[in-house]
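Under our numbering, the first residue of the sequence shown is numbered 32, with each subsequent residue one higher. Below you'll find the structure, written out as structure tokens, and then a few comments.
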Amino acid sequence: MKTMLNIALPKGRLGEKVYGMFENAGFPCPSIKENNRKLIFENPELSLRYFWVKPSDVAIYVERGAADIGIAGKDILLEYEPDVYELLDLGIGKCKMAVAAKKDFRDNPQRTLRVATKFTNIARNYYTSLGRDIDIIHLNGSIEIAPILGLSDVIVDIVETGTTLKENNLTVVESIVPISARLIANKSGFKFKNKQITEITAKLAALTEGQK
Ligand code: PRP
Numbered sequence: 032m033k034t035m036l037n038i039a040l041p042k043g044r045l046g047e048k049v050y051g052m053f054e055n056a057g058f059p060c061p062s063i064k065e066n067n068r069k070l071i072f073e074n075p076e077l078s079l080r081y082f083w084v085k086p087s088d089v090a091i092y093v094e095r096g097a098a099d100i101g102i103a104g105k106d107i108l109l110e111y112e113p114d115v116y117e118l119l120d121l122g123i124g125k126c127k128m129a130v131a132a133k134k135d136f137r138d139n140p141q142r143t144l145r146v147a148t149k150f151t152n153i154a155r156n157y158y159t160s161l162g163r164d165i166d167i168i169h170l171n172g173s174i175e176i177a178p179i180l181g182l183s184d185v186i187v188d189i190v191e192t193g194t195t196l197k198e199n200n201l202t203v204v205e206s207i208v209p210i211s212a213r214l215i216a217n218k219s220g221f222k223f224k225n226k227q228i229t230e231i232t233a234k235l236a237a238l239t240e241g242q243k
């Protein structure tokens, strides 16, 4: 019997799309659609085990080998720099990491810039590359409020449709990096389950090509 391949899927809207891609690529797990409270699903015929985890936790499961492969946003990979292989850009979950501020914000390069964000590493790396001194304010959510209340000058956050910024009278001042969902693999899992992982990667890649 083949050993099970463990696949960490990000819970939520992106995860549904991702699972749909696995299904279309020939790796279905019918029971996954029958129960929305269970977190682990198996397809013994294909030796696959899927499980739902919080999107920001996928990389931890994969890095530590609890999952052999998984799907994580490029934002998470850039922020936490997990020791994993990045195998494929799935071309979904597209958005960008950007700097945003109030519409009337005028930067004064002589002053330390106050930056509110969930993504402290991405923000630090970005401003270091510009040689700019910043004061990082780490927040866990509702980042858009920070400049409105004067907690920060700018925010570094994910922008997808731009609606959240617009609704809060903020605007993008700089784009940092494009983001999308990536297929990642545990390094030793990639060695020992190479055949299964390579096959899945190739089939998903073909699907991704077809979508372009
Ligand atoms: C992200 C981000 C913005 C929003 C941007 O939050 O932090 O708030 O999406 O999307 P938009 O440009 O389409 O409006 P998310 O919904 O991922 O939840 P979070 O607040 O937990 O980060």
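Each residue gets a CB set at the ideal place from its N, CA and C atoms; glycine is no exception.
Residue i versus residue j - alpha carbon distance
i    : j    : result
A56  : N152 : 35 Å
V84  : V93  : 11 Å
E198 : M35  : 46 Å
T159 : N66  : 47 Å
H169 : P61  : 41 Å
T232 : A216 : 10 Å
A131 : L180 : 14 Å
M42  : S211 : In the sequence as presented, Met is not what sits at residue 42; that position holds Lys. One C-alpha to the other measures close to 16 Å.
L201 : E230 : 44 Å
K33  : L121 : 26 Å
I102 : Y81  : 11 Å
K234 : L144 : 46 Å
V115 : A154 : 22 Å
G220 : G96  : 7 Å
N37  : V89  : 12 Å
K226 : E110 : 30 Å
E54  : E76  : 14 Å
L118 : E112 : 15 Å
I228 : D188 : 32 Å
Counted within 10 angstroms of its Cβ, other Cβ atoms place residue i as buried (16 or more) or exposed
i    : result
D99  : buried
E237 : Contrary to the premise, residue 237 reads as Ala rather than Glu in this sequence. Counting Cβ neighbours within 10 Å, A237 comes out exposed, since fewer than 16 surround it.
E240 : exposed
V165 : Per the sequence shown, residue 165 should be read as Ile rather than Val. By the 10 Å Cβ count, I165 comes out buried.
K105 : buried
P140 : exposed
S183 : buried
I71  : exposed
R68  : exposed
F58  : buried
G124 : buried
P178 : buried
R213 : buried
Opposing strand residues paired with residue i [DSSP bridges]
i    : result
V146 : I167, V185
R213 : A103, D120
C126 : I210
I38  : Y81, I100
L108 : DSSP output for L108 lists no bridge partner at all.
K133 : L201
N74  : L79
V190 : K127
Handout entry: Beta carbon nearer than 5 Å to a non-hydrogen atom of ligand 1
Key = Having a Cβ closer than 5 Å to some heavy atom of ligand 1 are G172, D188, I189, V190, E191, T192, G193, T194, T195.
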